[in-house]
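Numbering (this note's numbering), first residue to last: 10 to 182.
C-beta atoms are modelled at their ideal positions from N, C-alpha and C, and glycine is treated no differently.
Comments concern the structure below.
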C-alpha cells in the first residue's frame with residue numbers, strides 16, 4: 010500500500026479573489042479619475058479648469074485647439090463644437106459613474122477605449138515614449154476590469170447583472 014498525496018490545485022475562488030479585488034480597486038481609482046475630470050470640467054473647480062461647461066466654457070476647445078501632431082487639423086476643426094463637448098462630457102461622466110458603481114463595464118470598456126484612443130491621437134507624439142502612455146494603460150485597465158467582471162466586488166455588478174434587461178442584453182453587463 011503506497012502512501013501518496015495527490016497534488017491538488019488551489020481552488021479558483023481562493024486564488025482569484027485577491028486579483029479580482031485588485032482589479033476592483035483599480036476600477037474605482039480609474040472611475041474616480043474620469044468622474045473628477047467630468048465634475049471639474051462641468052463646474053470649473055479650478056483643478057485644472059478655472060471655469061466650467063455650465064459657465065459657457067467649452068471643455069474641448071482648450072485641449073483640441075492646441076493639439077499638435079499628424080491629426081492637428083482634424084482636432085482643431087472639432088475644438089469647441091457643441092456635439093464634441095456633449096460627447097466628451099457625457100463620455101467622461103458616464104464612464105466615471107459606470108466604473109465607480111461597477112455596472113455596465115463592457116460598454117464602459119468599449120466607449121472608454123475609443124475615448125482614450127482619440128485622446129492619445131490628439132496628443133501625438135507623447136513626450137517620454139514614442140507610443141506608450143497613460144491612455145493605453147487606462148484602456149488596458151478598462152478592458153481587464155470588464156473581462157474579469159470586476160464590478161462584482163466593491164460594486165453593484167452582482168445586482169446589476171441579475172436585472173432582466175441586463176440578462177437579455179449581456180453587452181450591458
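Over what stretch of residues does the alpha helix (DSSP H) that includes residue i continue unbroken?
i: residue 84; result: 81 to 87
i: residue 144; result: 143 to 156
i: residue 175; result: 173 to 177
i: residue 125; result: 114 to 131
i: residue 159; result: That residue, residue 159, is in no alpha helix (DSSP H); it is neither H nor E in DSSP.
i: residue 70; result: 70 to 73
So residue i and residue j are supposed to be a Cβ contact under 8 Å. How far apart are they, rounded?
i: residue 162; j: residue 33; result: 4 Å
i: residue 104; j: residue 117; result: 5 Å
i: residue 78; j: residue 154; result: The Cβ separation is near 29 Å, so there is no contact.
i: residue 108; j: residue 40; result: 3 Å
Could you name the residues of the same chain whose beta carbon sits closer than 7 Å to that of residue i, not counting the 5 residues immediately before and after it, in chain order?
i: residue 84; result: 73, 76 and 131
i: residue 122; result: 148, 151 and 152
i: residue 43; result: 101, 104, 105 and 108
i: residue 6; result: Residue 6 cannot be examined here, being either before or after the span of the chain that is shown, 10 to 182.
Report all residues from its chain with a CB closer than 6 Å to the CB of residue i; omit the five preceding and five following residues, and keep chain order.
i: residue 60; result: 53 and 66
i: residue 144; result: 125, 128 and 129
i: residue 135; result: 142
i: residue 185; result: Within the shown structure, residues of the chain are numbered from 10 to 182, placing residue 185 beyond reach of any answer.
Cutting at 8 Å between CB atoms, please list the residues of its own chain near residue i, excluding the five before and the five after it.
i: residue 98; result: 47, 50, 51, 62 and 68
i: residue 120; result: 100, 103 and 104
- Task: Tell me, please, whether the region 127 to 141 touches the region 58 to 69 by the rule of three or more beta-carbon pairs shorter than 8 Å.
- Result: The region 127 to 141, when compared against the region 58 to 69, does not touch it at the 8 Å Cβ threshold.
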